[in-house]
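Numbering (our numbering), first residue to last: 1 to 91.
Now the structure itself:
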């Protein structure tokens with residue numbers, strides 16, 4: 001979860017920006033003379049999981065989700081002793 005910090009002066013001047021960040025799930029810390037005095041955070045519920053956050057970003061148009069292409073990324077077959085052979089070749 002992202003966390004931004006604002007002084008009381010900045011918080012007053014940028015209140016709309018702070019509310020936008022909180023609506024997006026971020027926590028905002030407000031300081032007074034450099035000391036944290038308050039946290040502004042979304043109310044209720046558990047923190048959003050990765051899937052929920054990705055869905056919200058996609059809904060806002062910040063990212064575009066693509067469907068995975070079957071077989072696009074294939075892993076090579078593991079061969080027993082490959083690491084040992086590699087290390088022997090390096091000697």
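By construction, the Cβ of each residue, glycine as well, lies at the ideal position given by its N, Cα and C atoms.
Determine the direct distance from the alpha carbon of residue j to that of residue i, and round the result to whole angstroms.
i, j, result
"residue 53", "residue 81", "42 Å"
"residue 43", "residue 9", "24 Å"
"residue 26", "residue 91", "51 Å"
"residue 38", "residue 3", "12 Å"
"residue 56", "residue 66", "15 Å"
"residue 63", "residue 51", "13 Å"
"residue 21", "residue 33", "23 Å"
"residue 28", "residue 15", "11 Å"
"residue 40", "residue 12", "13 Å"
Shortest alpha-carbon distance to residue i belongs to which of the options?
i, options, result
"residue 31", "65, 7 and 39", "7"
"residue 23", "84, 83, 60 and 35", "60"
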